[in-house]
Amino acid sequence: MSDSLSLPWASDFHCHLRQGDMMDTVVPMVEQGGVRTVLAMPNLTPPLTTTQMAVDYGTALQKLAPNVHFILTLYLSPDLTPEEVSKAAAAGITVVKVYPSGVTTNSDWG
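As structure tokens, this is what we get:
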């Protein structure tokens, strides 16, 4: 019996990858750390509220870490419509996140 456990890769289902210089620093480190699947949180400034915003964010993330599968999310805003949710689902975005205003980083939009 072995005294160790070896994982070929890991998943992070609550990951804040941020924007700008912070994103440029964090995203490659996620991949270097052995994470291969990431649920990317939508609380950016502004938050990811449309399919196109999420797709554009995913493209930027993929350029920084091409071997990571990013699961993209939308922020549940008062303006999010059923039509936009359907559009997002058609684009492979299957997660919508809710967070109250002022309780977490970049939650001023909540």
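Sequential numbering of the sequence shown, starting at 1, is according to UniProt numbering. Cβ coordinates follow ideal geometry from the N, Cα and C atoms, glycine included.
Checking the DSSP bridge columns, you'll see D79 has no partner listed. Between the region 70-77 and the region 45-52, the count of C-beta pairs closer than 8 Å reaches three or more; the two stretches touch.
Counting only the Cα atoms, P42 lies some 10 Å from Y99. When DSSP states are grouped into helix, strand and coil, D12 belongs to the strand group. The beta carbons of A10 and G34 sit closer together than 7 Å. Looking from the CA of F13, the closest CA among S101, A89, V85, H69 belongs to H69.
With contacts defined as CB atoms closer than 7 Å, I93 and L72 qualify as a contacting pair. Taking all protein chains in view, the Cβ of L17 is crowded by 16 or more other Cβ atoms within 10 Å, so the residue is classified as buried.
Per DSSP, the beta-bridge partners of K97 are Y75.
By the neighbour-count criterion, in which 16 or more other beta carbons inside 10 Å mark a residue as buried, L44 falls on the buried side.
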